[in-house]
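S.K.:
Residue numbers (my numbering): 313 to 415.
1) Within a Cβ cutoff of 7 Å, which residues of the same chain sit near residue 341, ignoring the five residues on either side of it in sequence?
2) What separation, rounded to the nearest whole angstrom, lies between the Cα atoms of residue 349 and residue 359?
3) Determine the extent of the alpha helix (DSSP H) in which residue 370 is found, giving its start and end residues.
4) Hey, residue 412 and residue 329 are a contact pair by Cβ (cut 8 Å); roughly how many whole angstroms apart?
5) May I have the straight-line CA-CA distance separating residue 384 from residue 406, to the nearest angstrom?
6) Quick one: is residue 393 buried, meaning 16 or more other Cβ sit within 10 Å of its Cβ, or exposed?
7) Secondary structure at residue 341, three-state DSSP: helix, strand or coil?
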């Protein structure tokens, strides 16, 4: 089901996410099958781009990529966002499945 939230773009991958900003915990929480998005929590507030920067740092750690290889391409001011990461879809899927298990 995770693959529903991913779209390969050459050597890069688009990841569709839903963000819960201001949460008590931080991390990749699961998959929302109704929205077809990966659910992400961050303790950063959605003020002045803080939550966006926290999301980029979180995916940087989880995917073992430098932050410069991750950018928000849609939804910068929304809870529904699209990230583009400099990694092929198979690599992204493997990393997310290791975090979430077989969702």
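C-beta: ideal position from N, C-alpha, C; glycine also. Source: prediction; values computed, not measured.
M.R.: Looking at the atomic coordinates:
1) Along the chain shown, read from residue 1 onward, the residue named residue 341 stands at position 29. Closer than 7 Å at the Cβ level, and outside the excluded window around residue 341, lie 351, 352 and 353.
2) Within the chain shown, the letter at position 37 stands for residue 349. Within the chain shown, the letter at position 47 stands for residue 359. Roughly 22 Å between the two C-alpha positions.
3) Position 58 of the chain shown, counted from the start, is the residue given in the question as residue 370. Element bounds for residue 370: 362-375.
4) Residue 412 sits at position 100 when you count from the first residue of the chain shown. Residue 329 sits at position 17 when you count from the first residue of the chain shown. Between residue 412 and residue 329 the beta-carbon gap is near 13 Å, outside 8 Å, which marks them as no contact.
5) Here residue 384 refers to the residue found at position 72 when the chain shown is read from its first residue. Here residue 406 refers to the residue found at position 94 when the chain shown is read from its first residue. Cα-Cα distance, rounded: 21 Å.
6) Position 81 of the chain shown, counted from the start, is the residue given in the question as residue 393. Under this definition residue 393 is a buried residue.
7) For this step, residue 341 is matched to residue 29 along the chain shown. Three-state result, residue 341: strand.
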